[in-house]
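Asks:
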Amino acid sequence: MAVIRNEVFSCFVFYAVLLVVKMYTIAIITGQVRLRKKAFANPEDALRHGGLQFHREDPYVERCRRAHINDMENILPFLFIGAIYSLTGPSLTVARIHFLIFFLCRVLHSFAYLFALRAPTRSLAYTFAQIPCVSMAVQVLMAVAAYA
Amino acid sequence: MAVIRNEVFSCFVFYAVLLVVKMYTIAIITGQVRLRKKAFANPEDALRHGGLQFHREDPYVERCRRAHINDMENILPFLFIGAIYSLTGPSLTVARIHFLIFFLCRVLHSFAYLFALRAPTRSLAYTFAQIPCVSMAVQVLMAVAAYA
Amino acid sequence: MAVIRNEVFSCFVFYAVLLVVKMYTIAIITGQVRLRKKAFANPEDALRHGGLQFHREDPYVERCRRAHINDMENILPFLFIGAIYSLTGPSLTVARIHFLIFFLCRVLHSFAYLFALRAPTRSLAYTFAQIPCVSMAVQVLMAVAAYA
């Protein structure tokens with residue numbers, strides 16, 4: 020990076036941006052499933068694709084939506100906590116382990132959601148992804164608690 | 020800015036904060052529509068505004084909700100990717116084009132959603148807004164790939 | 020903090036991370052309510068916990084979901100606006116008041132939502148939490164308007 024020359028921060032950015040791209044991918048998949056299943060959330064979209072009868076819900080579209088919303092609930096806070104944590108001066112090795120666990124578990128979470136893998140695969144992926152997040156949150160809180 | 024004196028970053032912040040204000044506006048519109056249509060998501064709100072029969076869904080409230088959730092799916096990741104991209108040292112002109120395309124397309128997206136403009140206006144606004152995001156994501160990934 | 024030695028920013032980070040932990044807590048509560056009420060959003064989860072008849076909605080689970088989504092709509096933009104505002108060089112006292120009002124109102128909002136407190140407690144908590152956000156947005160916009 021031109022401005023920020025910080026190895027931990029750059030490592031964080033790498034996995035964070037990949038996860039954002041993963042979220043974009045789920046949005047694209049949702050759109051494709053809507054077209055294939057002819058299930059549109061808006062009447063104006065249904066009208067363009069055959070008629071108002073396609074203004075309807077579809078179970079697999081709803082599954083994609085849930086996967087996306089769960090990503091927002093977890094990946095978006097990670098974009099914040101991971102960035103702040105990177106600035107607290109952790110060792111690169113320890114930080115990379117945090118980011119990598121979160122990254123791999125969230126990719127597994129998406130696969131488990133979209134392919135409806137047997138429970139509790141998805142829940143375990145969610146839970147293990149939260150461990151580095153809670154760890155980072157605690158470390159950041161300890162670093163700034165004096166400023167509360 | 021007092022701390023960060025970076026033209027590209029300041030340019031990004033300008034459009035990013037305007038988009039956050041735009042999201043706040045959709046929340047206010049949703050609340051006003053709920054009051055006018057008497058359609059409340061919570062029984063305690065319905066009770067205060069005439070009775071439990073108003074604890075119900077309304078198609079236009081749901082449309083506002085979808086506009087808001089789509090904003091969260093797209094504008095919130097932009098707040099991250101745009102900030103990081105600004106720190107990779109792009110030219111101000113190129114960066115401003117990225118931010119401006121995203122900003123204008125997301126404003127159009129909100130108009131298309133709230134006024135139910137004919138398809139595919141809203142989808143096109145979404146798609147064109149994603150182009151600068153993917154461009155920024157690729158540039159950031161190339162800048163930090165060595166630190167993965 | 021090792022890298023960023025900025026009192027206002029550290030104060031912001033303290034409250035911001037606490038609010039992220041608060042959001043994580045709502046996710047955990049939602050999961051526990053799903054288990055207790057046997058109301059699962061996914062058939063694979065229902066199958067693991069007794070059968071497909073538990074693939075169903077529950078009013079209190081939906082209430083938790085709404086609390087969580089409202090947090091995303093408000094706390095996630097705060098993570099951005101608060102960070103940028105901290106970098107514009109405000110006085111520590113004024114900044115802390117902004118963060119503290121937002122923090123306390125959002126905690127009250129969650130209590131009002133989860134315990135279904137009488138209206139308009141929740142709406143007032145939401146509205147008062149937005150005041151420091153709009154104040155910060157205006158101050159940031161004034162600081163960077165020259166770079167638009």
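Protein sequence lines correspond, in order, to chains A, B and C. As numbered in our numbering, residues 20 to 167 make up the first sequence, in order. As numbered in our numbering, residues 20 to 167 make up the second sequence, in order. As numbered in our numbering, residues 20 to 167 make up the third sequence, in order. Where is the CB? At the ideal position from N, CA and C, for every residue including glycine.
(1) Considering Cα atoms alone, identify which of C/Phe-147, C/His-117, C/His-68, C/Gln-149 is closest to A/Ala-167.
(2) Give me the subset of the segment 102–113 of chain A whose CB atoms are less than 7 Å from a CB atom of chain B, sorted by chain position.
(3) Is the CB of C/Met-20 under 8 Å away from at least one CB in chain B?
(4) Assess, as a yes-or-no matter, whether the segment 139–154 of chain B is touched by the segment 53–66 of chain B under the definition of 3 or more beta carbon pairs within less than 8 Å.
(5) Return helix, strand or coil for B/Asp-77, following the three-state DSSP convention.
(6) Helix or strand or just coil, what does DSSP make of A/Gly-50?
(7) Using the Cα positions of B/Gln-72 and B/Ala-148, report the straight-line distance between them to the nearest angstrom.
(8) What residues in its chain sit with their C-beta under 7 Å from that of C/Glu-76, if we drop five residues either side in the sequence?
(9) Would you call the segment 25–42 of chain B and the segment 40–55 of chain C touching, i.e. three or more CB-CB distances under 8 Å?
(10) Going by other Cβ atoms of all chains shown within 10 Å of its Cβ, with 16 needed for buried, is A/Thr-112 buried or exposed?
(11) Any C-beta of chain C sitting closer than 8 Å to the C-beta of A/Tyr-166?
(12) Tell me which residue opens and which closes the alpha helix (DSSP H) that B/His-68 is part of.
(13) Go ahead and label B/Pro-96 buried or exposed: buried means 16 or more other beta carbons lie within 10 angstroms of its beta carbon, across all protein chains shown.
(14) How many angstroms separate the CA atom of A/Val-80 from the CA atom of A/Gly-108?
(15) Please classify A/Ala-164 as buried or exposed, where buried requires at least 16 other C-beta atoms within 10 Å of its C-beta.
(16) DSSP three-state label for A/Phe-31, please.
(17) Tell me whether the beta-carbon of B/Leu-123 lies closer than 8 Å to the beta-carbon of B/Phe-28.
(18) So is A/Ala-21 buried or exposed if we call it buried at 16+ other beta carbons inside 10 Å?
(19) Give the range of the alpha helix (DSSP H) segment to which A/Ser-129 is assigned.
(20) With H, G and I counted as helix, E and B as strand and the rest as coil, what does DSSP make of B/Phe-147?
(21) For C/His-74, which residues from the same chain have a beta carbon less than 6 Å from its beta carbon, with the 5 sequence-adjacent residues on both sides left out?
(22) Just mark B/Ile-103 as buried or exposed, buried being the case when its beta carbon has 16 or more other beta carbons within 10 Å.
(23) Using a Cβ-Cβ cut-off of less than 7 Å, list which residues of the segment 121–134 of chain B approach chain C; keep chain order.
(24) Using the beta-carbon of each residue, which ones in chain C are nearer than 8 Å to A/Pro-96?
(25) Rounded to whole angstroms, what is the Cα-Cα separation between C/Leu-160 and B/Phe-33?
(26) If we count the other Cβ atoms within 10 Å of its Cβ and call it buried at 16 or more, is B/Arg-55 buried or exposed?
(27) If you measure beta-carbon to beta-carbon, which residues of the segment 137–153 of chain B are closer than 8 Å to chain A?
(28) Closer than 8 Å, CB to CB, is C/Ala-58 near chain B or not?
(29) Can you tell me the Cβ-Cβ gap for B/Ile-120 and B/Ile-150, rounded? I've got them flagged as a contact below 8 Å.
(30) Does C/Phe-134 pass the burial test, meaning 16 or more other C-beta atoms within 10 Å, or should it be called exposed?
(31) Could you work out which residues of chain A lie near B/Arg-85, taking near to mean beta carbons separated by less than 8 Å?
(32) What residue from C/Arg-115, C/Ala-114, C/Glu-92, C/Gly-101 has the CA that sits closest to C/Thr-146's CA?
(33) Strictly below 7 Å CB to CB, what residues from chain A border C/Ile-54?
(34) Could you work out which residue in A/Leu-127, A/Pro-78, A/Gly-101, A/Arg-125 is closest to A/Val-157 when comparing CA atoms only?
(35) If distances are taken between C-alpha atoms only, which option among B/Ser-154, B/Val-153, B/His-68, B/His-128 comes closest to B/His-87?
Replies: This is what the structure gives:
(1) C/His-117
(2) If you check each beta-carbon in the segment 102–113 of chain A against every beta-carbon of chain B, none falls closer than 7 Å.
(3) Confidence at C/Met-20 is low in this model, with a pLDDT of 46, below 50, so its placement is unreliable and the value that follows should be read with caution. It does not; no Cβ of chain B falls within 8 Å.
(4) no
(5) coil
(6) Note: A/Gly-50 maps to helix in three-state DSSP.
(7) 40 Å
(8) Ala-58
(9) no
(10) exposed
(11) At least one chain C Cβ lies under 8 Å of A/Tyr-166.
(12) Where B/His-68 is concerned, there is no enclosing alpha helix (DSSP H), given that its DSSP letter is neither H nor E.
(13) Result: buried.
(14) 42 Å
(15) Counting the other CB atoms within 10 Å of its CB gives A/Ala-164 a total below 16, which places it among the exposed residues.
(16) helix
(17) No, these two residues do not count as a Cβ contact at 8 Å.
(18) Residue placement at A/Ala-21 cannot be trusted, given a pLDDT of 44 that sits under 50; the coordinates are not used to answer.
(19) 111–133
(20) helix
(21) Hits under 6 Å: Phe-59, Pro-62, Ala-65.
(22) Classification for B/Ile-103: buried.
(23) Correct list: empty, as no residue qualifies.
(24) Correct list: Val-39, Met-42, Tyr-43, Leu-95, Leu-98.
(25) C/Leu-160 and B/Phe-33 have their C-alpha atoms spaced approximately 6 Å apart.
(26) exposed
(27) Residues of the segment 137–153 of chain B with a Cβ closer than 8 Å to any Cβ of chain A, in chain order: Arg-137, Ala-138, Pro-139, Arg-141, Ser-142, Gln-149, Cys-152, Val-153.
(28) Not an interface residue.
(29) The pair is a contact, with the Cβ atoms about 7 Å apart (cut-off 8 Å).
(30) exposed
(31) Ala-60, Asn-61
(32) C/Glu-92
(33) Rather than Ile, the amino acid found at residue 54 of chain C in this sequence is Leu. Under the 7 Å cutoff, chain A gives no residues; its nearest Cβ is about 10 Å from C/Leu-54.
(34) A/Gly-101
(35) Residue nearest to B/His-87 within the set B/Ser-154, B/Val-153, B/His-68, B/His-128 is B/His-128 (criterion: CA-CA distance).
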